[in-house]
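Residue numbers (my numbering), protein chains in the order written: chain H, 51 to 164; chain S, 49 to 160.
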């Protein structure tokens, strides 16, 4: 299996622009998670899906952030409009069962908002 | 919310040395996981260890849930062990949902 695939690896954009991050989970995994990593706040859970349905979005910082999972093999995290404080590494992860032994992470998207 | 504290925040070792990383948490948890983030940013799950002791090669982990801490042991360290080690704890968050909360990590540097 190719693992969790994220794109793009790096994104540089200007303040006010829309940003879309993409994720393909491991085939057969029922859970998909979006995390954000910054120096100040560490790794934070933004939202997670179970069988394509959003379960907990309490970590989404504000209405500028939205996430979708239209099918079992694809998810997007969108920021509109983007702000410099959104600069971070965004990780997607998937697991077979939420309480499974292993959470598999993608390589992350390094987002820089200028 | 639950507090997850890792110590030490930074650790520098010579290759071949042993080390112990600690994770303390402020409330009861359902499970605990250890992750390694390599210098290229990739996060790898090392252990899923709600209680007891597990070993995987030169790494082992022990969780004492009743005392709310976990330890990660690295023996005969190698330069490839460098990176950040995260502890993450899972708590029930309502309905059928469970939330994973990460500590701030321990930055390990192993010098040749």
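Heads up, the beta-carbon is just placed ideally off N, CA and C, and yes, glycines get one too.
A quick note: this is a predicted structure, and the numbers were derived from the prediction, not measured.
Rounded Cβ spacing between residue i and residue j (contact assumed at less than 8 Å)
{"i": "residue 69(H)", "j": "residue 129(H)", "result": "5 Å"}
{"i": "residue 182(H)", "j": "residue 79(H)", "result": "A query on residue 182(H) cannot be resolved here, the shown segment of chain H reaching from 51 to 164 and no further."}
Distance between residue j and residue i (C-alpha atoms, nearest Å)
{"i": "residue 121(H)", "j": "residue 62(S)", "result": "48 Å"}
{"i": "residue 142(S)", "j": "residue 64(S)", "result": "45 Å"}
{"i": "residue 158(H)", "j": "residue 110(H)", "result": "17 Å"}
{"i": "residue 90(H)", "j": "residue 118(S)", "result": "24 Å"}
{"i": "residue 57(S)", "j": "residue 74(H)", "result": "33 Å"}
{"i": "residue 111(S)", "j": "residue 92(S)", "result": "19 Å"}
Neighbourhood of residue i by C-beta distance below 6 Å, restricted to the same chain and skipping five residues each side
{"i": "residue 123(S)", "result": "66, 106"}
{"i": "residue 148(S)", "result": "136, 138"}
{"i": "residue 132(S)", "result": "85, 153, 155"}
{"i": "residue 121(S)", "result": "68, 108"}
{"i": "residue 127(H)", "result": "71, 84, 117"}
{"i": "residue 160(H)", "result": "60, 139"}
{"i": "residue 64(H)", "result": "164"}
{"i": "residue 55(S)", "result": "70"}
Residue environment, residue i, which counts as buried when at least 16 other CB atoms sit within 10 Å
{"i": "residue 140(S)", "result": "exposed"}
{"i": "residue 82(S)", "result": "buried"}
{"i": "residue 101(H)", "result": "exposed"}
N- and C-terminal bounds of the beta strand (DSSP E) containing residue i
{"i": "residue 130(H)", "result": "Unbroken run through residue 130(H): none, as it is neither H nor E."}
{"i": "residue 84(S)", "result": "79-85"}
{"i": "residue 120(S)", "result": "117-122"}
{"i": "residue 58(S)", "result": "58-62"}
Close Cβ partners of residue i (< 7 Å) along its chain, the five nearest in sequence each way excluded
{"i": "residue 96(S)", "result": "79, 81"}
{"i": "residue 105(H)", "result": "98, 99"}
{"i": "residue 155(H)", "result": "54, 141, 143"}
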